[in-house]
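Participant: Okay, so the sequence shown: first residue is 1 according to UniProt numbering, each after it adds one. The beta-carbon is built from N, C-alpha and C at its ideal position, and this holds for glycine as well.
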Amino acid sequence: MKPQLPWGRLYITKLIPNNYLQGSEVPFYVGNLDSVFEKHQKWQTLLPRVTPFYAVKCNNNLAVLRTLSALGTGFDCASKREIEMVMSIGVTPDKIIYAHTTKPQSHIRYACTQGVDMMTFDNEEELLKITRGHPNAKLLLRIAVDDSKSQVKLSTKFGATLGTVGSLLKRAHELDLDVKGVSFHVGSLCTDGVAYRWAIEEAHHVFEQARLIGFHLDLLDIGGGFSGHGLEMMSKAINEALDEFFPADSGVRVIAEPGRYFVDSAFTLALNVFARKKVWSLPISQKGSSKELLLSCVWSCGLYTEPRYQSVIWGPTCDSADRIMDVWMPELNIGDWILVDNVGAYTIPMSTDFNGFEKPTIYLVVTPQIWKMNKVQERRNTACTQTHNVPVCDLTLHIISDTFSTSYFDFDFDLPR
Numbered sequence: 001m002k003p004q005l006p007w008g009r010l011y012i013t014k015l016i017p018n019n020y021l022q023g024s025e026v027p028f029y030v031g032n033l034d035s036v037f038e039k040h041q042k043w044q045t046l047l048p049r050v051t052p053f054y055a056v057k058c059n060n061n062l063a064v065l066r067t068l069s070a071l072g073t074g075f076d077c078a079s080k081r082e083i084e085m086v087m088s089i090g091v092t093p094d095k096i097i098y099a100h101t102t103k104p105q106s107h108i109r110y111a112c113t114q115g116v117d118m119m120t121f122d123n124e125e126e127l128l129k130i131t132r133g134h135p136n137a138k139l140l141l142r143i144a145v146d147d148s149k150s151q152v153k154l155s156t157k158f159g160a161t162l163g164t165v166g167s168l169l170k171r172a173h174e175l176d177l178d179v180k181g182v183s184f185h186v187g188s189l190c191t192d193g194v195a196y197r198w199a200i201e202e203a204h205h206v207f208e209q210a211r212l213i214g215f216h217l218d219l220l221d222i223g224g225g226f227s228g229h230g231l232e233m234m235s236k237a238i239n240e241a242l243d244e245f246f247p248a249d250s251g252v253r254v255i256a257e258p259g260r261y262f263v264d265s266a267f268t269l270a271l272n273v274f275a276r277k278k279v280w281s282l283p284i285s286q287k288g289s290s291k292e293l294l295l296s297c298v299w300s301c302g303l304y305t306e307p308r309y310q311s312v313i314w315g316p317t318c319d320s321a322d323r324i325m326d327v328w329m330p331e332l333n334i335g336d337w338i339l340v341d342n343v344g345a346y347t348i349p350m351s352t353d354f355n356g357f358e359k360p361t362i363y364l365v366v367t368p369q370i371w372k373m374n375k376v377q378e379r380r381n382t383a384c385t386q387t388h389n390v391p392v393c394d395l396t397l398h399i400i401s402d403t404f405s406t407s408y409f410d411f412d413f414d415l416p417r
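1. Just checking my contact of P330 with E358 at CB under 8 Å: how many whole Å lie between their CB atoms?
2. How is A203 classed by DSSP in three states: helix, strand or coil?
3. According to DSSP, is W314 helix, strand or coil?
4. Taking the straight line between their C-alpha atoms, what separation do you get for V194 and D147?
5. Are T268 and D341 touching if we call contact CB-CB under 8 Å?
6. What span of residues does the beta strand (DSSP E) with R253 cover, start to end?
7. Which residues does DSSP pair with V340 in a beta bridge?
8. Could you check the C-alpha separation between T120 and G166 for me, to the nearest Å?
9. Under 6 Å Cβ to Cβ from A210, same chain only, skipping five residues before and after it: list those, please.
10. I need the straight-line Cα distance from C297 to A345, nearest angstrom please.
11. Using the C-alpha atoms, what's the distance from G335 back to L127?
12. Skipping 5 residues on each side, what residues in its chain have a beta carbon closer than 8 Å to that of R276?
13. Provide the residue(s) that pair with F28 in DSSP beta bridges, ordered along the chain.
14. Shortest alpha-carbon distance to L140 belongs to which of P349, W198, A256 and I313?
15. Does the stretch 216-230 come into contact with the stretch 256-265, if we say contact requires no fewer than three beta-carbon pairs (one atom in each stretch) closer than 8 Å?
16. With three or more C-beta pairs closer than 8 Å as the rule, is the stretch 23-38 touching the stretch 235-248?
17. Can you name, in chain order, every residue of its own chain whose Cβ lies under 6 Å from the Cβ of I200, other than the five neighbours on each side?
18. Does the distance from the C-beta atom of D178 to that of A137 stay below 8 Å?
19. I believe A172 touches G159 by the beta-carbon criterion, under 8 Å. Please report the beta-carbon distance rounded to the nearest angstrom.
20. In the structure shown, what three-state DSSP assignment does residue 425 receive?
21. Is it true that the stretch 34-47 meets the stretch 315-327, where meeting means three or more beta-carbon pairs spaced less than 8 Å apart?
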């Protein structure tokens, strides 16, 4: 029996030979909105008490945002532009947390004018800015927690240490600010659920400190760190810690800021080989140098039936730092395509048109059910933009039909009015 290709590669192998892409050298993504929907269902099953606030910075594709909005998720925004983006698709202010501990003063004022009240802080200077720009904000104190179980550590830059928590809470009380909760982030790509348990226990101690100072906290934000797989293990540790320190009858609302979890496996990238250069002496390893990159993909280490060669995959620009990866590859020819799975996280928002090279096109695979949710969500835009006076973000979707008999830009469904 012939093994089934991963969904992303299956669709791409249909696209590339098709006349639709004939002669094209522009890289492109294929994204599966149904995968986002399935991840949301899984989240609700495994973490029923935790409301996800999707991290917009991870993948700000408007179709992804609309799908998640239609499913009822909130959104974690880090800037005025991200707030504008999610509000332009009909997201209401109560569904947004401004989760950046160091915000420009103008962005704080903008959040105030739009009614975005939830925001984080971890230092006194931020409290003073909030006092000037949004004195009625609902604040979450972000604490620094143990991130040793994660690949990408964040506590060196973000979060108040437990030794400074008391003074910050007292200062907020003096300024007559409303601290409503505690937030933390165990770091990206967390590998052990015990990190969440430790952090939730520390957050509980902060809740007690805040109570003694005069605050009544009722919101816990357990941050991000969720990879695209392994939620079963993480959720077990989280649920047990919540039951112990913040039981369901405690009156504490729990949210999280997943990003990678929702979108990483939903996107596959196709890269066109438009140049090839043979070299006989190749410095294959740059490990430990400043050029070593952390990529959000995993290369197969299976058995191969053809020779592999020491290779360097370079980006298209004239920048010598545009070195993507040193890897063993089969011999490739100009016109071949390289397919990379699991690239939905921290790729699309970070792409650039440096040197004038086009950004990758995004093609979306979607079933009628998910497309209908997107179209209904689109209809909410007008009322939202009129109410909150935010610019409308245009959405152009390149939709691929399941049968590949046709490529088209829209479906004709009888949608509810």
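Facilitator: The answer reads as follows:
1. Not quite, the Cβ-Cβ distance comes to about 27 Å (not below 8 Å), so this is no contact.
2. In this structure, A203 counts as helix in the three-state DSSP scheme.
3. Shown here, W314 sits in a strand according to DSSP, grouped into three states.
4. Their backbone Cα atoms lie some 11 Å apart in a straight line.
5. Yes, they are a contact pair.
6. R253 to A256 is the span of the beta strand (DSSP E), which, as asked, contains R253.
7. Checking the DSSP bridge columns, you'll see V340 partnered with L269.
8. Taking the straight line from one Cα to the other gives about 16 Å.
9. Setting aside the 5 residues that flank it on each side, A210 is surrounded in the same chain by L169 and L217, each with a C-beta closer than 6 Å to its C-beta; the list follows chain order.
10. Note that C297 has pLDDT 45, beneath the 50 cutoff, so the model's placement of it is unreliable and the number below is only indicative. For C297 and A345, the distance between alpha carbons rounds to 9 Å.
11. Their Cα atoms are separated by approximately 55 Å.
12. Hits under 8 Å: L332, N333 and I334.
13. Answer by DSSP bridge pairing, in chain order: A270 and T361.
14. The shortest Cα separation from L140 among P349, W198, A256 and I313 belongs to A256.
15. Contact check between the stretch 216-230 and the stretch 256-265: three or more CB pairs, one atom from each, fall below 8 Å, which counts as touching.
16. Segments in contact, no.
17. Once the five neighbours on either side are set aside, the close Cβ partners of I200 are A241 and F245.
18. Between D178 and A137, the C-beta gap is smaller than 8 Å, which places the two residues in contact.
19. Actually they do not touch by this definition, with Cβ atoms about 16 Å apart.
20. There is no way to answer for residue 425, as the model of the chain reaches only from 1 to 417.
21. No: the two stretches stay apart, fewer than three of their Cβ pairs being nearer than 8 Å.
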